[in-house]
Every structure is written in C-alpha cells, then in structure tokens.
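Take a look at the structure below.
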Amino acid sequence: MKAIQVVQEKGGSRLLWAEADEPVMGPDDVLVDIHATTLNRADLSQAAGTYPPPAGASPILGLDMAGTIAAAGANVRGWQVGDRVCSLLAGGGYAERTVVDHRLLFPVPAGWSWAEAASLPEVYLTAFVNIFMEADFQPGETVLVHGGASGVGTAAIQLVKAAGGRVIATAGKPEKVAACLSVGADRAVNYNDEDFVAVVRDFTGGAGVDIILDMVGAAYLQRNISLLKVKGRLVWIATLGGATGEINIGQLMGKRARLIGSVLRARPLEEKIEIVCRFREQFWPQVESGVIRPVIDRSFPVQEAQAAHNAMRGYENIGKIVLTM
12 MKAIQVVQEK
22 GGSRLLWAEA
32 DEPVMGPDDV
42 LVDIHATTLN
52 RADLSQAAGT
62 YPPPAGASPI
72 LGLDMAGTIA
82 AAGANVRGWQ
92 VGDRVCSLLA
102 GGGYAERTVV
112 DHRLLFPVPA
122 GWSWAEAASL
132 PEVYLTAFVN
142 IFMEADFQPG
152 ETVLVHGGAS
162 GVGTAAIQLV
172 KAAGGRVIAT
182 AGKPEKVAAC
192 LSVGADRAVN
202 YNDEDFVAVV
212 RDFTGGAGVD
222 IILDMVGAAY
232 LQRNISLLKV
242 KGRLVWIATL
252 GGATGEINIG
262 QLMGKRARLI
272 GSVLRARPLE
282 EKIEIVCRFR
292 EQFWPQVESG
302 VIRPVIDRSF
312 PVQEAQAAHN
322 AMRGYENIGK
332 IVLTM
C-alpha cells in the first residue's frame, strides 16, 4: 500500500506519498480502506520530530479516518465487510489502509461525506472526554473555549450547547469569531481586538466560568485562573503558548479549583473504548439528527499533504482540514 512518509531534511521535514508496509490485523480488528483522514496539530509535531507516536502505534501520521471495512478479525461482532465507518486512531490515517479495534468504530451517519465522517472522531472525542468526563460538565454551566474556530474548538462549542451549557469562545480573526457564533457560541472574542478577560467578566456579570478548555498553556495561565469560578476546572489539551508557568497556589486553594492536563492519543485502548461508548450514549442522537456536524475548512488530495500541513501551520483553517484518498 501507499502512505505518507516523513523524510527529515535540513531545515525541516518533507512529506512523501510512497510505499509502506501493510498493517497487520489482529482478531479484534477490522481492516479499513481509507477514503479520508484529517489533520491534527499532533501530526505537525510528529512530522517535525517533536512528538513521537506512543508505543505500539503506527508510525504513519493520522489520528482519525473514514472508510470501508475490507476485512474483519475473528472476534469482530456487529460489523461486516462493506460497512462505512469512521474511527479514532493512534496513528496510521495518512494511508490507503489501516487496522483498528472494532470497538472504536462509529458508523458513518446517513448523508455525511467521507470528509465529514473523518472529521468526527478525534476532535469530538477530545472535546467530549475533556469537558464531560475530565471536567464533569453539568447542564447550565458556562465554558470558555480557547481556539474556538479550530476543529476541537468548533466541536466543543457544539457539544456544550447540545448539552445545555453556555459558551464563550476566543479566536484571532473576525471570520473565526463569526464561525464560533455560527456553531452556537453565546459570545465570541477576537483576542487581538478585545481583552478576553474583560469580556468574560462582563458576559458573566463578574462570576467567571465553570470550565476552561485551553490549548494555549502558559501564555494564558494567570488569566485563565483569574476567570475560574469557585470549583472551576481548567483543562489543558495543548501548550501552543508555552508549557511552563507560575501559579498562585493560594488563589487555587481559595477557589477550590482543579487543574487538569489531558491527552487522548496515548490512553490505553480500554479507556478509548469507554470514551467512544459514552459519547455514543450521550450524543449520537444529535449526530444522527445533524445538530452535531463537523465544520470542514478545505480538502486536499493526500498527495498534497505538505500543502495541507502548511495551511494548518499558518493557522489559516476554520474547522478541519481533510486529506482525501
């Protein structure tokens, strides 16, 4: 089969569509002919050599996919050859074929394109596990979502609104602010034009927020903590603005706040299966009805993965960038 191979060169890496080893299917796995995969920030980091895949994961880029089941292992139940599926991956999406444990599969909803289906698993499960499982969101709570126009950001906004919460989102361009509002944010802040701390305080009447979903890290640390309510939860899913900062422990004690660091990719299979099951229980009706639907920025043929990475690296996208096979 063919897959994207990362070639390290002076001054960076190059992505090539080239021959790769066929994936090996286990008894719990299905073999999937991939029709679409998507870009995630982890792919850029892995291609740059700064984020190696977890032990046992495919070294091929790609944390999600949508495609057709081509074969099924002996222990597979509930799925058959020809089924249209999408799934979370620990790696292997930038390829013609991959294998995945059948318990991680979602069916492709009726009327969805391959691009939309591939855009569901990684970002919606990331938003779900961090807001609803780690931070224990409750209906009526207010959530601040940084990077609101990103894939994870747009997913988080939709999920919180579908579950009866309020959302304030941050973004860096007028068109990204508009995108946040279009998927349901109650308030969206252009952080280049407004002080998001002042906006959040004004919007909440000075109360602050219950949960913050943050991929910025150190650059927002003090401001985020200042906006937490008593018993507020701050969840980090990336550190694009730095990984090291200083906190006032007394302030946290007074608020009885919780700080949570979280990744999805490296979690054990059993945890991922639980996350998939709980997401389906809570949100699959809204997925099937179209209340929850991914935002697609643009698609590239997989052979143009380098151009797709350049677009994401420049923070050009609103929602998901897709690679098609």
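Note that my numbering has the sequence shown beginning at 12, numbered continuously upward. Every residue gets a Cβ at the ideal spot worked out from N, C-alpha and C, and that includes glycine. All values reported here derive from a predicted model rather than from experimental measurement.
Three-state secondary structure (DSSP) at M76?
Of the three classes helix, strand and coil, the one that applies to M76 here is strand, per DSSP.
Could you pull out every residue in the same chain whose Cβ sits closer than 7 Å to the Cβ of L26, ignoring the five residues on either side in sequence?
Excluding positions up to five away in sequence, the list reads I15, V17, A58, A316, Q317, H320.
Report the three-state DSSP secondary structure of R269 (helix, strand or coil).
R269: strand per DSSP, three-state reduction.
I286 lies in the beta strand (DSSP E); which residues open and close that run?
I286 -> not in any beta strand (DSSP E); alpha helix (DSSP H) instead, spanning 280-300.
Grouping DSSP H, G and I as helix and E and B as strand, with all else coil, what is W125?
Residue state, collapsed to three classes: helix.
Alpha carbon to alpha carbon, what distance is there between G265 and A31?
Spanning the two alpha carbons is a distance of roughly 55 Å.
Is the separation between the beta-carbon of V220 and that of T250 shorter than 9 Å?
For V220 and T250, no; Cβs fall outside 9 Å.
What is the rounded straight-line gap between the Cα of Q19 and the Cα of A173?
Rounded to the nearest angstrom, the two C-alpha atoms are 43 Å apart.
Sort I248, G67, I258, E285 by Cα distance to A53 and report the nearest one.
Comparing Cα positions, the closest option is I248.
Does the stretch 146-158 come close enough to the stretch 116-123 to have 3 or more Cβ pairs within less than 8 Å?
No: the two stretches stay apart, fewer than three of their Cβ pairs being nearer than 8 Å.
Would you kindly work out how many angstroms separate the C-alpha atoms of T354 and I236, rounded to a whole number?
Any property of residue 354 remains undetermined from this structure, which presents the chain solely from 12 to 336.
So, is P339 buried or exposed, given that buried needs 16 or more other C-beta atoms within 10 angstroms?
Missing from the structure shown is residue 339; the chain here goes from 12 to 336 and no further.
So, with DSSP's three-state summary, where would you put G261?
If DSSP states are grouped into helix, strand and coil, G261 belongs with the helices.
Excluding sequence positions up to five away, which residues of its chain have a Cβ less than 7 Å from the Cβ of I258?
Only L232, I236 meet the Cβ criterion.
What number of angstroms, rounded off, separates the C-alpha of A81 from the C-alpha of R278?
Taking the straight line joining both Cα atoms gives about 26 Å.
Taking the alpha-carbon of H113 as reference, which of G252, L280, A160 has the nearest alpha-carbon?
Of the listed residues, the one whose Cα sits closest to H113 is L280.
Could you tell me which residues DSSP pairs with R244 in its beta bridges?
Answer by DSSP bridge pairing, in chain order: I222, R269.
Kindly indicate which residue of V87, P63, Y105, R309 has the alpha-carbon position closest to the one of G78.
The residue with the shortest Cα to Cα distance from G78 is Y105.
Tell me whether the beta-carbon of G162 lies closer than 9 Å to the beta-carbon of K187.
No.
Under the rule that 16 or more other beta-carbon atoms within 10 Å means buried, what is M36, buried or exposed?
When all chains shown are included, M36 counts as buried.
What's the call for R267, buried or exposed, on a 16-neighbour Cβ count within 10 Å?
So R267 ends up on the exposed side.
What residue ranges within the stretch 23-51 form continuous beta strand (DSSP E) runs of no fewer than 3 residues, ordered along the chain?
Here the runs fully enclosed are 23-30, 40-49.
Can you tell me the Cα-Cα spacing of R244 and G272, whole angstroms?
One C-alpha to the other measures close to 11 Å.
Within its chain, find whatever has a CB closer than 6 Å to the CB of Y356; leave out the 5 residues flanking it on each side and keep chain order.
The chain is shown from 12 up to 336; residue 356 falls before or after that span and cannot be answered.
So, under 8 Å CB-CB, L224 and V246 are touching, yes? Tell me the CB distance rounded to an integer number of Å.
About 6 Å; that satisfies the 8 Å criterion.
Under a Cβ-count criterion, where at least 16 other Cβ atoms within 10 Å of its own Cβ denotes burial, should N86 be classed as buried or exposed?
Label assigned to N86: exposed.
Mind checking which residues open and close the beta strand (DSSP E) that includes E20?
13-20 is the extent of the beta strand (DSSP E) around E20.
Go ahead and pull the three-state DSSP assignment for A83.
Correct three-state label for A83: strand.
Can you have a look at E286 and say buried or exposed, based on whether 16 or more other CB atoms are within 10 angstroms of its CB?
According to the sequence shown, residue 286 is Ile rather than Glu. The residue is buried, with at least 16 neighbouring Cβ atoms inside 10 Å.
Could you tell me which of A254, P132, S69 sits nearest to A229, measuring between CA atoms?
Among A254, P132, S69, the Cα nearest to that of A229 is on A254.
Under 6 Å Cβ to Cβ from A68, same chain only, skipping five residues before and after it: list those, please.
Taken in chain order, the residues that qualify are A101, G102.
Classify N203 as helix, strand or coil using the three-state DSSP reduction.
In this structure, N203 counts as coil in the three-state DSSP scheme.
Starting from I179 and walking both ways along the alpha helix (DSSP H), at which residues does that stretch end?
Where I179 is concerned, there is no enclosing alpha helix (DSSP H), although the beta strand (DSSP E) it sits in stretches over 177-182.
Give me the residue from L131, G84, W125 with the minimum Cα distance to V110.
Closest option to V110, Cα to Cα, is G84.
Which of helix, strand or coil does DSSP assign to V343?
Residue 343 is absent from the model: the chain starts at 12 and stops at 336.
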